[in-house]
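Numbering (full-length UniProt numbering), first residue to last: 1 to 157.
See below:
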């Protein structure tokens, strides 16, 4: 079983989501019991809706439990920063093409959210940055075309 990298923040978010689902579980069971008391199960929309909700909830619980079981939680704040881009690092880049500065944090697939500056370790930009050093210039082929960056700052926060 291959381990999947995950940040500490990502693990905390998954655990919070799992706790919320576990608290919802008994409420769904109560809804099923109440709907069962309404009579004929074949034509009971409340019963079928509650059973469907239960199935979705149980699938989400299994999914999160699996992700947590294969997660390799990496805490970059406990590592010595040598200016090298690694999983979990926050990287400030200067986009040579647009003269703009962008900041990305390299995270696991489930944590990625480009609007918040969180990019997947498997994205083209992250793959192009991993292993590079502060001050390096990199050229990365992305679906939107070739991007030229200069790595201005690497932080382990």
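For each residue, glycine too, the CB sits at the ideal point set by N, CA and C.
Just so it is clear, the structure is predicted and the values come from calculations on it, not from any experiment.
Discussion item. Mapping the DSSP letters down to three states, classify residue 125 as helix, strand or coil.
Written reply: Here the question's residue 125 lines up with position 125 in the chain shown. Residue 125: helix per DSSP, three-state reduction.
Practice prompt. Return the residue from the list 109, 111, 82, 126 that minimises the CA-CA distance to residue 103.
Written response: Residue mapping note: residue 103 aligns to position 103 of the chain shown, counting from 1. When each option's Cα is compared against that of residue 103, the closest is 126.
Item to complete: Starting from residue 90, follow its DSSP beta bridges and name the residues at the other end.
Response: The residue given as residue 90 occupies position 90 in the chain shown. In DSSP, residue 90 forms a bridge with 105, 155.
Practice prompt. Give the single residue among 22, 1, 151, 2 whose Cα lies nearest to the Cα of residue 99.
Written response: Stepping through the chain shown from its first residue, residue 99 is reached at position 99. It is 151 whose Cα lies nearest to the Cα of residue 99.
Worksheet entry | Backbone secondary structure at residue 83 - three-state DSSP | Taking the chain shown and counting its residues from 1, the one referred to as residue 83 is at position 83. Residue 83: coil per DSSP, three-state reduction.
Worksheet item: Nearest to residue 89 by CA position, among 156, 11, 9, is which residue?
Response: On the chain shown, position 89 is the one that residue 89 refers to. Nearest of 156, 11, 9 to residue 89, Cα basis: 156.
Worksheet entry | Per-residue DSSP class, three states only, for residue 134 | Numbered from 1 along the chain shown, position 134 holds the residue referred to as residue 134. Reduced to three states, the DSSP call for residue 134 is coil.
Fill in: Enclosing alpha helix (DSSP H) for residue 8 [first to last residue]
Taking the chain shown and counting its residues from 1, one reaches residue 8 at position 8. For residue 8, the uninterrupted alpha helix (DSSP H) run begins and ends at 8-36, by DSSP.
Discussion item. Does residue 39 come out as helix, strand or coil in the three-state DSSP assignment?
Written reply: Mapped onto the chain shown, residue 39 falls at position 39. Residue state, collapsed to three classes: coil.
Worksheet item: When the distance is taken between beta carbons, is residue 2 closer than 9 Å to residue 68?
Response: The count along the chain shown starts at 1 and reaches residue 68 at position 68. The count along the chain shown starts at 1 and reaches residue 2 at position 2. No, Cβ-Cβ distance for residue 68 and residue 2 is not below 9 Å.
Worksheet entry | C-alpha gap between residue 186 and residue 63, whole angstroms | A query on residue 186 cannot be resolved here, the shown segment of the chain reaching from 1 to 157 and no further.
Fill in: Member of 142, 129, 144 whose CA lies at the smallest distance from the CA of residue 154
As a working note, residue 154 is residue 154 in the chain shown. Among 142, 129, 144, the Cα nearest to that of residue 154 is on 129.
Discussion item. Assuming residue 50 is part of the alpha helix (DSSP H), what are its boundary residues?
Written reply: In the chain shown, counting from the first residue as 1, residue 50 sits at position 50. Segment 45-70, the alpha helix (DSSP H) holding residue 50.
Discussion item. Can you check which of these residues, 101, 112, 97, 135, is closest to residue 146 by C-alpha distance?
Written reply: Mapped onto the chain shown, residue 146 falls at position 146. Measuring from the Cα of residue 146, the nearest candidate turns out to be 97.
Worksheet item: Going by beta carbon distance, what residues of the same chain come within less than 8 Å of residue 15, once the five residues before and after it are set aside?
Response: Along the chain shown, one-based indexing puts residue 15 at 15. Contacts found: 68.
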